[in-house]
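Peer 1:
Protein chains: 2
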Amino acid sequence: MDPLKRRFGTVIRKRRLEAGLSQEALAHKARLHSTYISMLERGIRMPTLGVIDSLASALGTTMGSLITELDRTAD
Amino acid sequence: MDPLKRRFGTVIRKRRLEAGLSQEALAHKARLHSTYISMLERGIRMPTLGVIDSLASALGTTMGSLITELDRTAD
Chain B
5 MDPLKRRFGT VIRKRRLEAG LSQEALAHKA RLHSTYISML ERGIRMPTLG VIDSLASALG
65 TTMGSLITEL DRTAD
Chain A
5 MDPLKRRFGT VIRKRRLEAG LSQEALAHKA RLHSTYISML ERGIRMPTLG VIDSLASALG
65 TTMGSLITEL DRTAD
């Protein structure tokens, strides 16, 4: 599995749970499909910058916050 | 034009010039095609997270640094 996708999925799942959102609720807020959120969290989809922007807005944070946290997960 | 893509392109062009790299040199370092770098800088392609990672490495910076700068370009 692509480590970058997996690391991103882990960050998104963590942030979603911290926000108290289900995958369905996050999907609705981000205008994405809940199946896609599930695939992102499992690290089997590579998000585009546009998806990252939508997720950040839906999670009430910035893209920079998400991606800086992602950087910290590097080996 | 999609403002997000345009803003990303502006950040990448600025960072590339600061690094003293041509589009061709950045493309080589990032293992991307120089035509693709040109399209990114002109805001006509939406990068994936994988491309952002490659660009950050090639520019000697972090994804978080690039994306935090991108956040600052928001209206």
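Chains as they are written, first to last, in my numbering: chain B, 5 to 79; chain A, 5 to 79. For glycine and all other residues, C-beta sits at the position ideal for the given N, C-alpha and C. Here the structure is a predicted model, which means the values were calculated and not measured.
1) In chain A, which residues lie with their C-beta within 8 Å of the C-beta of residue 21 of chain B?
2) Considering Cα atoms alone, identify which of B/58, B/45, B/11 and B/57 is closest to residue 21 of chain B.
3) Thinking C-beta only, is residue 53 of chain B closer than 8 Å to residue 7 of chain A?
4) Helix, strand or coil for residue 39 of chain B? Go by DSSP, reduced to three states.
5) In the DSSP assignment, find the unbroken alpha helix (DSSP H) run with residue 54 of chain B in it and report its ends.
6) Determine contact between the segment 55–62 of chain B and the segment 34–41 of chain A, defined as no fewer than three beta-carbon pairs at a distance below 8 Å.
7) Do residue 34 of chain B and residue 59 of chain B have their C-beta atoms within less than 8 Å of each other?
Peer 2: Quick answer:
1) Under the 8 Å cutoff, chain A gives no residues; its nearest Cβ is about 21 Å from residue 21 of chain B.
2) B/45
3) no
4) helix
5) 53–62
6) no
7) yes
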